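**Student:** Okay, handing you the structure first.
Residue numbers (full-length UniProt numbering): 1 to 247.
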């Protein structure tokens, strides 16, 4: 009986090739941390003039990588493809200003939250009559495909949801009158207001937590990342990053 149990445990640790499976943390230690992101969400992540991915999440993951003693490689792609890429093991982790939701928890695991803040509604300064979520009925609302904000907009009866591959395209659509409003995280909204001075925040919505997404079987890697985030919070480096990017 005991022999059978041992065999079952060993089989669970073996991959399809019969080679002893490596833990997620051990794999990252050996091969580096592959981080998927969608660089259209400033100040969390965006592209600089040289098409290099920069932002709060980039700096944060580099600090986490230093704590773990691993090299961090960033892979930019469309936002709606990030979770499929994670589940198919093309990346080890998602860092994309990702809102922690119960729906997403069904397919992925999350690190401890590292940022909290509200979503906001943004309109053009000339627009009147929008001060709460229900006022978006009959309006064109710009959001990003697959985002938590898309789900919020879809819940407004009578709203016409216009979903874009990039959040930068959604903000441009609002500025060029292709949409009447934009729902986005407050920190990202501030970045768009700097870019488009004719826009304004008209309402704050639900408070949300932002975290890093990992595969559910990678609990060892999640624990290591949680410990690194906690250390960065205690030693003040998280506050330094917030001051740098969110001001």
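Just so it is clear, CB atoms sit at the ideal spot from N, CA and C, and this is done for glycine as well. Here the structure is a predicted model, which means the values were calculated and not measured.
According to DSSP, simplified to helix, strand and coil, what is residue 219?
**Tutor:** For the purposes of this step, residue 219 is taken as the residue at position 219 of the chain shown. Looking at residue 219 - three-state DSSP - the assignment turns out to be helix.
**Student:** Measuring alpha carbon to alpha carbon, tell me which of 236, 242, 218 ends up nearest residue 27.
**Tutor:** Position 27 of the chain shown holds residue 27. Nearest C-alpha to residue 27: 218.
**Student:** Starting from the C-beta of residue 165, find all residues in its chain whose C-beta is less than 7 Å away, skip the five residues before and the five after it, and write them out in chain order.
**Tutor:** As a position in the chain shown, residue 165 is number 165, starting the count at 1. Closer than 7 Å at Cβ, skipping near neighbours: 78, 145.
**Student:** With a Cβ-Cβ cutoff of 8 Å, do residue 210 and residue 100 count as a contact?
**Tutor:** Walking along the chain shown from the start, residue 210 turns up at place 210. Walking along the chain shown from the start, residue 100 turns up at place 100. The answer is yes: Cβ separation under 8 Å.
**Student:** Who are the near neighbours of residue 94 in its chain, counting only those whose CB is closer than 6 Å to its CB and skipping five residues on each side?
**Tutor:** Locating residue 94 in the chain shown gives position 94, counting from the first residue. Excluding positions up to five away in sequence, the list reads 36, 82, 86, 213.
**Student:** Is residue 111 buried or exposed, if buried means 16 or more other CB atoms sit within 10 Å of its CB?
**Tutor:** Here residue 111 refers to the residue found at position 111 of the chain shown. With 16 or more other Cβ atoms within 10 Å, it is buried.
**Student:** Between the alpha carbons of residue 156 and residue 139, how many angstroms are there, rounded?
**Tutor:** Position 156 of the chain shown holds residue 156. Position 139 of the chain shown holds residue 139. Between the alpha carbons of residue 156 and residue 139 lies a gap of roughly 10 Å.
**Student:** With burial defined as no fewer than 16 other Cβ atoms inside 10 Å of the residue's Cβ, what is the status of residue 38: buried or exposed?
**Tutor:** Locating residue 38 in the chain shown gives position 38, where the first residue counts as 1. Buried, because 16 or more other Cβ atoms sit within 10 Å of the Cβ of residue 38.
**Student:** Go through its chain and collect everything with a Cβ distance to residue 80's Cβ below 7 Å, but skip five positions before and after it.
**Tutor:** The sequence position of residue 80 within the chain shown is 80, counting from 1. 145, 146, listed in sequence order.
**Student:** With a cut-off of 8 Å on the beta carbons, I'd call residue 118 and residue 205 a contact; round off their distance for me.
**Tutor:** Residue mapping note: residue 118 aligns to position 118 of the chain shown, counting from 1. Residue mapping note: residue 205 aligns to position 205 of the chain shown, counting from 1. Yes, they are in contact, since the Cβ atoms of residue 118 and residue 205 sit about 6 Å apart, within 8 Å.
**Student:** Distance, Cα to Cα, residue 245 vs residue 44?
**Tutor:** The count along the chain shown starts at 1 and reaches residue 245 at position 245. The count along the chain shown starts at 1 and reaches residue 44 at position 44. Rounded to the nearest angstrom, the two C-alpha atoms are 8 Å apart.
**Student:** Cα-Cα, which of 216, 25, 32 is closest to residue 105?
**Tutor:** Locating residue 105 in the chain shown gives position 105, counting from the first residue. It is 216 whose Cα lies nearest to the Cα of residue 105.
**Student:** Have a look at the DSSP bridge pairing and note the partners of residue 53.
**Tutor:** On the chain shown, position 53 is the one that residue 53 refers to. Answer is 47.
**Student:** Only counting the same chain, and skipping five residues up and downstream in sequence, which positions put a Cβ closer than 7 Å to that of residue 170?
**Tutor:** Residue mapping note: residue 170 aligns to position 170 of the chain shown, counting from 1. Closer than 7 Å at the Cβ level, and outside the excluded window around residue 170, lie 142, 143, 144, 164, 182.
**Student:** Using only the alpha-carbon positions, how far apart do residue 174 and residue 31 sit?
**Tutor:** On the chain shown, position 174 is the one that residue 174 refers to. On the chain shown, position 31 is the one that residue 31 refers to. If I take the Cα positions, the gap works out to 42 Å.
**Student:** Going by the CB atoms, is the gap between residue 120 and residue 186 shorter than 8 Å?
**Tutor:** Position 186 of the chain shown, counted from the start, is the residue given in the question as residue 186. Position 120 of the chain shown, counted from the start, is the residue given in the question as residue 120. Against a cut-off of 8 Å, the Cβ pair of residue 120 and residue 186 comes out as a contact.
**Student:** Can you grab the Cα-Cα spacing for the pair residue 50 / residue 66, in whole Å?
**Tutor:** Counted from its first residue, the chain shown places residue 50 at position 50. Counted from its first residue, the chain shown places residue 66 at position 66. So the two alpha carbons sit approximately 24 Å from each other.
**Student:** Could you spell out the range, first to last residue, of the beta strand (DSSP E) harbouring residue 168?
**Tutor:** Indexing the chain shown from 1 puts residue 168 at position 168. Run containing residue 168: none in the beta strand (DSSP E); it sits in the alpha helix (DSSP H), 167 to 175.
**Student:** Spatial neighbours of residue 242 within its chain, please: C-beta separation below 7 Å, excluding the five flanking residues on both sides.
**Tutor:** Looking up residue 242 in the chain shown gives position 242. Within the same chain, no residue comes within 7 Å of residue 242 by CB-CB distance, once the 5 residues on both sides are set aside.
**Student:** Quickly, what does DSSP pair residue 140 with across the bridge? List them, please.
**Tutor:** In the chain shown, counting from the first residue as 1, residue 140 sits at position 140. DSSP lists 160 as partners of residue 140.
**Student:** Measure the alpha-carbon distance for residue 222 versus residue 189 and round it to whole angstroms.
**Tutor:** Within the chain shown, numbered from 1, the residue matching residue 222 stands at position 222. Within the chain shown, numbered from 1, the residue matching residue 189 stands at position 189. If I take the Cα positions, the gap works out to 29 Å.
**Student:** Just to confirm the assignment, what range does the alpha helix (DSSP H) spanning residue 246 have?
**Tutor:** Position 246 of the chain shown, counted from the start, is the residue given in the question as residue 246. Unbroken run through residue 246: none, as it is neither H nor E.
**Student:** With distance defined between alpha-carbon atoms, name the residue in 193, 161, 195 nearest to residue 180.
**Tutor:** Walking along the chain shown from the start, residue 180 turns up at place 180. Measuring from the Cα of residue 180, the nearest candidate turns out to be 161.
**Student:** Taking just the CA atoms, how far does residue 55 sit from residue 131?
**Tutor:** The residue you call residue 131 lines up with position 131 of the chain shown. The residue you call residue 55 lines up with position 55 of the chain shown. C-alpha separation (whole angstroms): 30 Å.
**Student:** For a test of the three-state rule: what should DSSP assign to residue 5, helix, strand or coil?
**Tutor:** Residue numbering aside, residue 5 sits at position 5 when the chain shown is read from its first letter. Confidence at residue 5 is low in this model, with a pLDDT of 42, below 50, so the placement of that residue should be treated as unreliable; the coordinate-derived value is given next. If DSSP states are grouped into helix, strand and coil, residue 5 belongs with the helices.
**Student:** With DSSP collapsed to three states, give me the class of residue 126.
**Tutor:** Indexing the chain shown from 1 puts residue 126 at position 126. Note: residue 126 maps to coil in three-state DSSP.
**Student:** Can you tell me whether residue 123 is buried or exposed, with buried defined as 16 or more other CB within 10 angstroms of its CB?
**Tutor:** Looking up residue 123 in the chain shown gives position 123. So residue 123 counts as buried.
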